[in-house]
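Novice: The following block contains the structure, expressed as structure tokens.
2 protein chains.
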Amino acid sequence: MAQDKKQAILKGVLKLVNRVGFYHINMKMVAQEAGVAAGTIYLYFKGKEELINELYKMIVTEFNGNVLEAYDHDGPIRDSYNAMMTQAVVFYLNNKDYFSFVEQYTYAPFLFKEYQEQNFTLLLPIYKMMRAGKKQKLIKNLPDAVLLSMVHGPMNTMLKMHFAHKVDLTKTSMQKKFYDACWEAIAIDKK
Amino acid sequence: MAQDKKQAILKGVLKLVNRVGFYHINMKMVAQEAGVAAGTIYLYFKGKEELINELYKMIVTEFNGNVLEAYDHDGPIRDSYNAMMTQAVVFYLNNKDYFSFVEQYTYAPFLFKEYQEQNFTLLLPIYKMMRAGKKQKLIKNLPDAVLLSMVHGPMNTMLKMHFAHKVDLTKTSMQKKFYDACWEAIAIDKK
DNA sequence: TTTCACAAAATGAATGTTCATTCATTTTTA
DNA sequence: TAAAAATGAATGAACATTCATTTTGTGAAA
């Protein structure tokens, strides 16, 4: 089946990102990992560039889908916040390859201009929540960029530190401290 | 002079990071940019890998030196915080190439294990300040990793957004909002 | 059910290009 | 004039992509 093979190739790249790192990946390895011949990749993708870009699209779709699932439009913002943060962090903890791929993708030479534009696509779910929180006077009236950076930035750094064994983000106590700290950074103080 | 040429080569790489991007850089280009022959590079560096690693060392040294200069051990923490944040942000704003180099370096295949270990070297100045602040009961008693992530993470994200033209970090009003937000995230509330 | 013909899919060896590195030769320095 | 420094053409390895060939799938006819 055509779609199976396409997926197998994409997943192959992803596995390799973890095992050998983004820039040691070559088409022969991808082929081997996916269980196809090198030439076969070119039946499904125009070339390496398209392959990488499609993979990025796949990850964005999967990640955003996951995080948005945790967003309860009717419940309290604070609950949605917790659920979404957990979802995002756990997603990356379980998919280190997704994380390092996304990190590396930004500066990869494969990047089309069109993608560069939507390079903050992965922030859309957070952005959405911020807006709602601002309206409800629960979240500080700061520029969107600042609010986004106060959630996305720390998550990124924490994950990097986790994968560098500087901290253990799998511990729920650590997660809680971290989520709370970020919330306090963006929430209006109710004392 | 030997050191001049070494520096010229390192600076050449840096300029090229900006102009063509990390992964399009080849030794011929570096040579041309530095005004030497390709072979000359090998008189000063063992190879591309060493060249890249030395450059990282150079940047870390320069950056940390700059930021630590702003640290006044005798004055109030809050002032040091502001001065250091400003120093760090302005440094990267004026040296986009440094920023993108550091961002890309983490996942580059050149990275020796020994460097990977000290990959958070760039956080040492912040770390130092956190410690002092905790002692003075000015900064929250959170795990170091969390505190670090609440300052370093947002800075990274803001800079990325700035360079992607999503926000203008050169505006002092934006800088102030951002510095204050990060401070509130880590400081003990005095209300 | 088996056979055959044709198309679609897949293969992987061959190709051409890019590029890090080397080293015989030349230039500079002291 | 001899040593040190610099040069850049030559080398060879790595690797994306191509394409002539092989394999697999499909369905009509026997």
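For the protein sequence lines, the chains are B and S, in the order given.
When we follow the numbering used here, the leftmost residue of the first sequence carries the number 1431, and every step to the right adds one.
When we follow the numbering used here, the leftmost residue of the second sequence carries the number 1431, and every step to the right adds one.
Every residue gets a Cβ at the ideal spot worked out from N, C-alpha and C, and that includes glycine.
Closer than 9 Å by beta-carbon distance: list the chain S residues that pair up with B:Phe1529, in chain order.
Specialist: Here the premise fails: no neighbours, minimum Cβ distance about 10 Å.
Novice: Is it the case that the CB of S:Lys1441 approaches a heavy atom of the ligand ZN more closely than 7 Å?
Specialist: Only the bare structure without any ligand can be found here, which leaves the ligand ZN out of the picture.
Novice: To the nearest angstrom, how far is it from the Cα of S:Met1559 to the Cα of B:Val1520?
Specialist: 30 Å
Novice: Where does B:Ala1562 sit, in a helix, a strand or coil, going by DSSP?
Specialist: helix
Novice: Given a cut-off of 8 Å on the beta-carbon distance, is the pair S:Tyr1501 and S:Met1514 in contact?
Specialist: Judged by their CB atoms, S:Tyr1501 and S:Met1514 are nearer to each other than the 8 Å cut-off.
Novice: Which two residues bound the contiguous alpha helix (DSSP H) that contains B:Val1490?
Specialist: Lys1478 to Glu1499
Novice: Would you check if the distance between the CB atom of S:Ala1575 and the CB atom of B:Val1597 is smaller than 8 Å?
Specialist: yes
Novice: Rank B:Cys1612, B:His1454 and B:Lys1564 by C-alpha distance to the C-alpha of B:Pro1506 and give the top, closest one.
Specialist: B:Lys1564
Novice: Which residues share a DSSP beta bridge with S:Ala1617?
Specialist: S:Ile1569
Novice: Can you tell me whether DSSP reads S:Ile1455 as helix, strand or coil?
Specialist: coil
Novice: Would you please verify whether the beta carbon of B:Phe1493 is less than 8 Å from any beta carbon of chain S?
Specialist: no
Novice: For S:Thr1587, go through chain B and note every residue whose CB falls closer than 8 Å to its CB, in chain order.
Specialist: Think of a sphere of 8 Å around the beta carbon of S:Thr1587: the chain B residues whose beta carbon falls inside it are Leu1578, Ser1579, His1582, Gly1583 and Asn1586, in chain order.
Novice: Please report the straight-line C-alpha distance between S:Gly1465 and S:Phe1608, rounded to a whole angstrom.
Specialist: If I take the Cα positions, the gap works out to 41 Å.
Novice: Report the option in S:Pro1555, S:Ile1455, S:Met1459 and S:Glu1484 whose CA atom is closest to the CA atom of S:Asn1496.
Specialist: S:Pro1555
Novice: Assuming B:Asn1524 is part of the alpha helix (DSSP H), what are its boundary residues?
Specialist: Ile1507 to Asn1524
Novice: Under the three-state reduction of DSSP, which class applies to B:Thr1470: helix, strand or coil?
Specialist: helix
Novice: At a CB-CB cut-off below 9 Å, which residues of chain S make contact with B:Met1604?
Specialist: What B:Met1604 touches in chain S: Pro1573, Ala1575 and Val1576.
Novice: For the stretch 1610-1621 of chain B against the stretch 1436-1446 of chain S, do three or more pairs of beta-carbon atoms, one drawn from each stretch, fall closer than 8 Å, so that the two count as touching?
Specialist: no
Novice: So what's B:Phe1529 in DSSP terms, helix, strand or just coil?
Specialist: helix
Novice: If you follow the alpha helix (DSSP H) that S:Val1581 is in, where does it begin and where does it stop?
Specialist: Asp1574 to Phe1593
Novice: Output needed for B:Ile1455: all residues of its chain with C-beta closer than 8 Å, excluding positions within five of it in sequence on either side, in chain order.
Specialist: Val1443, Leu1446 and Val1447
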